[in-house]
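Counted the way this note's numbering counts, the sequence shown spans residues 8 to 621. Note that CB positions come from ideal geometry on N, CA and C, so glycine has one too. Input: a single structure, listed below in structure tokens.
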Amino acid sequence: MYSDSLTRWDNTSSLNDFANPFATFANKIYPRTIFDVFRWAEWLWLRHGTYSQAIKKSVRYFITGVELYGDGVGKDTRKKYEEFLLDKFDLLSLLATVGDDYVYSGNSFTSVHIPFIRQLACPVCGLTRPLSTLKPDSDWSFKNYEFTGTCPGCKARDVVFKRVDIRKPRDTEPLKVLRWAPQSISIDYCAITGDCEYYYQVPPRDQDKIKSGDPLYLESVPWEFVEAVKANRPLKMNKDTFFHARCPAGSALEPRLRGWGLPLFMSNFSQVVMLQILERYNEAIAMDYIVPFRLLSPPGQTGGSDPMLSHNVGNFMTSVRQMVKEHKLDPTTWHTVPYPVQYQSIGGEGASAVPVELLNYALDQLLTSMGIPQEFYRTTLAIQGVPIGLRMFEKTWTHHVSVLNKWLNWFLSQCSKFMVWEKVYGRLSPTSLVEDDMGKQVKLNLASAGVISKQTALQSFGIDHDAEQDRMIEEESAMQEKLREQQAKDEKTQMLSEAFKQGMIPPQAYNQSNGLGFMSAQGGAPAGAQGVPPAPPPIDTSAMGTSPSLDDLMAQAQEIATQLLTADPATRRRELTNMKKQNPSLHAQVKQLLADREQQAAQSGIQMARSGQM
8 MYSDSLTRWD
18 NTSSLNDFAN
28 PFATFANKIY
38 PRTIFDVFRW
48 AEWLWLRHGT
58 YSQAIKKSVR
68 YFITGVELYG
78 DGVGKDTRKK
88 YEEFLLDKFD
98 LLSLLATVGD
108 DYVYSGNSFT
118 SVHIPFIRQL
128 ACPVCGLTRP
138 LSTLKPDSDW
148 SFKNYEFTGT
158 CPGCKARDVV
168 FKRVDIRKPR
178 DTEPLKVLRW
188 APQSISIDYC
198 AITGDCEYYY
208 QVPPRDQDKI
218 KSGDPLYLES
228 VPWEFVEAVK
238 ANRPLKMNKD
248 TFFHARCPAG
258 SALEPRLRGW
268 GLPLFMSNFS
278 QVVMLQILER
288 YNEAIAMDYI
298 VPFRLLSPPG
308 QTGGSDPMLS
318 HNVGNFMTSV
328 RQMVKEHKLD
338 PTTWHTVPYP
348 VQYQSIGGEG
358 ASAVPVELLN
368 YALDQLLTSM
378 GIPQEFYRTT
388 LAIQGVPIGL
398 RMFEKTWTHH
408 VSVLNKWLNW
418 FLSQCSKFMV
428 WEKVYGRLSP
438 TSLVEDDMGK
448 QVKLNLASAG
458 VISKQTALQS
468 FGIDHDAEQD
478 RMIEEESAMQ
488 EKLREQQAKD
498 EKTQMLSEAF
508 KQGMIPPQAY
518 NQSNGLGFMS
528 AQGGAPAGAQ
538 GVPPAPPPID
548 TSAMGTSPSL
558 DDLMAQAQEI
568 ATQLLTADPA
578 TRRRELTNMK
588 KQNPSLHAQV
598 KQLLADREQQ
608 AAQSGIQMAR
618 SGQM
């Protein structure tokens, strides 16, 4: 990873009288291979919470939303993609984990996996059965990387089943995104063109699972991996479905990195070592110097004589130990001792010995070298200098956002191929915590003038213009529906009132339709009802049935109109004449319904004649 010439001095130089400044402990343990770098990256990520949380906060600062665009991408296509990406994939969380891998290890390897159903087919009778529904050892066995067993259809024994893999329906299970550990990847790198080919070495544990015929592996693992284990060789990854995101390094390092990315902490590796040294000594201080060591002893010589000369020291120790034991069992107990006792505390200076300032300094230096400002990863509420600091942070991490946008477009292309949808492009929504109110107002003015879109202006406020348009349309539709309902209710009330005034409906039906309750036995208005017109004389509707409410009247009219529609003209005229004498209101409703149905029948006949059906 570095040249040894930097760690030694020229013996002919006059400077050889001084200590070598490069002979530091950090340089002695500096990673020599890229896989040593990955071990350091894994250790920092798993065992230093402040470091890992600082990276997570930095990555998620830029992941606020996704904008889709492209030629011919309309509102319906955009909505279809957004529902698919957010509901089935939780795309923002997926982008965050890819960003974490990219920053903490310098590399992110991902690929897409199309779910399939593995089936076993009998070569004799052709009976095909899903492997997931079969029982191992009884229905099939895995020997020499082949499925063997007895076919339940033709009863053939020891047949070698044919493996048939079919893709699952798109609407049942979406494609999967797999993240690969860098330790299992090898890169074949061309230093002249910069082209790479990627190989995956199946880990030993997974190899053992495949060789032993583990049902879970044999049902879900693509067969190319089984063939790689069988041949004991790495598996070459498909460039179309495989994506490698890597942190760029200087051109001088490219020939030695050979296609690998270098994590950000490697630019200040000495601070990583310093941070761990301080953490180690901090642990030692906490274990040995925080709790003081307490001593009980006889007092020293007083007044020219030692009182312990006439006493047995063993008895003194026994008495003191018994007193301490009783105190632990019952702290409220009174204790007596026949000897003078002296108390002394040793240690306990750990609070002043902990290198808090050095620890904070080492951590600040490490994360600052990675482009993470102190106020950001400490999540303080101080606002001095925040606009400038955050703008510098946003500019520093621009290339990281660019890598995430490339990964997003690769993933969208895979989704369009799998779902057979229109091809779209995407990018992370621009975000900033330092957008001032004046800038937002300028955007609103530009949108009002038609210079920029409303979506661009409202995005500063975290408002989705398309979603708000849909909500406004829904609200308008709901309001129109309520107005129509109220209008129908008012028309019904007005018609009922007119019919009541003209004596077309009885008082009881009128009061029930208006919620006034039942009439009293004497035919008067119910208690508390005022302004009700006097009840007209009752109408004899025994021939046609009574109608206690307007709804019942309409239902009865529907039934009579259905009967009269198929009756002969003489019968229809006779029934309508009798109905008009007995119940004019019912007569009017039936006559109107008959006219409407005859008109509909006439229109249907005209359409059938025009279409050649008659």
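Residues of its chain near Thr548, where Cβ-Cβ distance is below 8 Å and the 5 sequence neighbours each way are ignored: Interpretation of Thr548 is limited by its pLDDT of 42, a score under 50 that renders its predicted location unreliable; the figure taken from the coordinates is listed afterwards. In its chain, beyond the 5 residues on either side, Ser554, Gln589, Asn590 and Leu593 have a beta carbon closer than 8 Å to the beta carbon of Thr548.
C-beta atoms of Arg174 and Ile121 nearer than 8 Å: Against a cut-off of 8 Å, the Cβ pair of Ile121 and Arg174 comes out as a contact.
Given a cut-off of 8 Å, decide if Gly113 and Leu260 are closer than it, judged by their beta-carbon atoms. No, the pair does not count as a contact, with Cβ atoms beyond the cut-off.
According to DSSP, is Ile62 helix, strand or coil? In this structure, Ile62 counts as helix in the three-state DSSP scheme.
By the three-class DSSP mapping on this structure, what secondary structure does Gly156 have? Of the three classes helix, strand and coil, the one that applies to Gly156 here is strand, per DSSP.
Which two residues bound the contiguous alpha helix (DSSP H) that contains Ser193? Ser193 -> not in any alpha helix (DSSP H); beta strand (DSSP E) instead, spanning Ile192 to Tyr196.
Met294: buried (16+ other C-beta within 10 angstroms of its C-beta) or exposed? The residue is exposed, with fewer than 16 neighbouring Cβ atoms inside 10 Å.
N-terminal and C-terminal residue of the beta strand (DSSP E) that Ile353 is part of: Annotation: the continuous beta strand (DSSP E) that includes Ile353 extends over Gln349 to Ile353.
How many angstroms separate the CA atom of Asp603 from the CA atom of Met561? Cα-Cα distance, rounded: 14 Å.
Would you list the one or two residues that DSSP bridges to Ser115? Ser115 is bridged to Ala252.
Segment contact flag, the segment 339 to 356 with the segment 240 to 259, C-beta cutoff 8 Å, min 3 pairs: The segment 339 to 356 is not in contact with the segment 240 to 259.
If you check the beta carbons only, do Leu75 and Arg85 fall under 8 Å apart? Result yes, Cβ atoms of Leu75 and Arg85 sit closer than 8 Å.
Along the beta strand (DSSP E) that carries Phe149, what are the first and last residues, could you check? Ser148 to Lys150 is the extent of the beta strand (DSSP E) around Phe149.
My parser needs the alpha helix (DSSP H) runs of 4 or more residues fully inside the segment 444 to 483; what are they? You should have 444 to 455 and 461 to 466.
For Gly321, the three-state DSSP class (helix, strand or coil): Helix, per DSSP.
For Tyr205 and Ser191, believed in contact at Cβ under 8 Å, the rounded distance: The pair is not a contact, with the Cβ atoms about 11 Å apart (cut-off 8 Å).
Indicate whether the contact test is met: 3 or more Cβ pairs, each with one atom in the segment 278 to 291 and one in the segment 320 to 337, closer than 8 Å. Using a C-beta cut-off of 8 Å, the segment 278 to 291 makes no contact with the segment 320 to 337, since fewer than three inter-stretch Cβ pairs fall below that distance.
For the segment 363 to 379 against the segment 282 to 292, are there 3 or more C-beta pairs whose distance is under 8 Å? Taking a cut-off of 8 Å on C-beta distances, the segment 363 to 379 touches the segment 282 to 292, as three or more cross pairs fall below it.
I need the straight-line Cα distance from Thr403 to Ile379, nearest angstrom please. Spanning the alpha carbons of Thr403 and Ile379 requires a straight line of approximately 9 Å.
From Lys35 to Leu51, what distance separates their C-alpha atoms? Between the C-alpha atoms of Lys35 and Leu51 there is a straight-line separation of about 19 Å.
Exposure of Cys197, with buried meaning 16 or more beta-carbon neighbours within 10 Å: That one is exposed.
In this structure, what does DSSP give as the bridge partners for Ser304? For Ser304, which the question treats as bridged, DSSP gives the partners Gln349.
Specify, as a first and last residue, the run of the alpha helix (DSSP H) that Gln283 falls within. Taken as a continuous stretch (DSSP letters only), the alpha helix (DSSP H) holding Gln283 covers Phe276 to Asp295.
Mind checking whether the beta-carbon of Arg164 lies closer than 7 Å to any heavy atom of the ligand HEM? This structure does not include the ligand HEM; it has no bound ligands of any sort.
Where does Lys450 land, buried or exposed, given buried means 16+ other C-beta within 10 angstroms? Lys450 counts as buried, since no fewer than 16 other beta carbons sit within 10 angstroms of its beta carbon.
Just confirm the distance between the C-beta atoms of Pro262 and Phe45, as a whole number of angstroms; I'd bet it's less than 8 Å. Not a contact, Cβ separation roughly 20 Å.
For Thr135, list the residues DSSP reports as bridge partners. BP columns for Thr135 point to Ala128.
Supposed close pair Thr438, Thr71 - CB separation, criterion 8 Å: Yes, they are in contact, since the Cβ atoms of Thr438 and Thr71 sit about 5 Å apart, within 8 Å.
So for Leu141, helix, strand or coil by DSSP? Leu141 falls in the coil class under three-state DSSP.
From the DSSP secondary-structure annotation, give me the bridge partner or partners of Asp172. Arg125.
I'd like the span of the alpha helix (DSSP H) that includes Trp414, first residue to last. Trp414 -> alpha helix (DSSP H) spans Thr405 to Met426.
List the endpoints of the continuous beta strand (DSSP E) containing Arg186. Lys183 to Trp187 is the span of the beta strand (DSSP E), which, as asked, contains Arg186.
Can you grab the Cα-Cα spacing for the pair Leu99 / Ser65, in whole Å? Per the coordinates, the alpha-carbon of Leu99 lies some 14 Å from the alpha-carbon of Ser65.
Mark Leu622 as exposed unless 16 or more other C-beta atoms lie within 10 angstroms of its C-beta, in which case mark it buried. Past the boundaries of the shown model lies residue 622; the chain is included only from 8 to 621, so the question cannot be answered.
Compare the beta carbon distance of Asp107 and Ile62 with 8 Å and say whether it is the shorter of the two. A contact, by the Cβ cut-off of 8 Å.
Which listed residue (Glu605, Tyr37, Phe42 and Val597) has its alpha carbon closest to that of Arg265: Selection Glu605, Tyr37, Phe42 and Val597 evaluated against Arg265 yields Phe42 as nearest (Cα-Cα).
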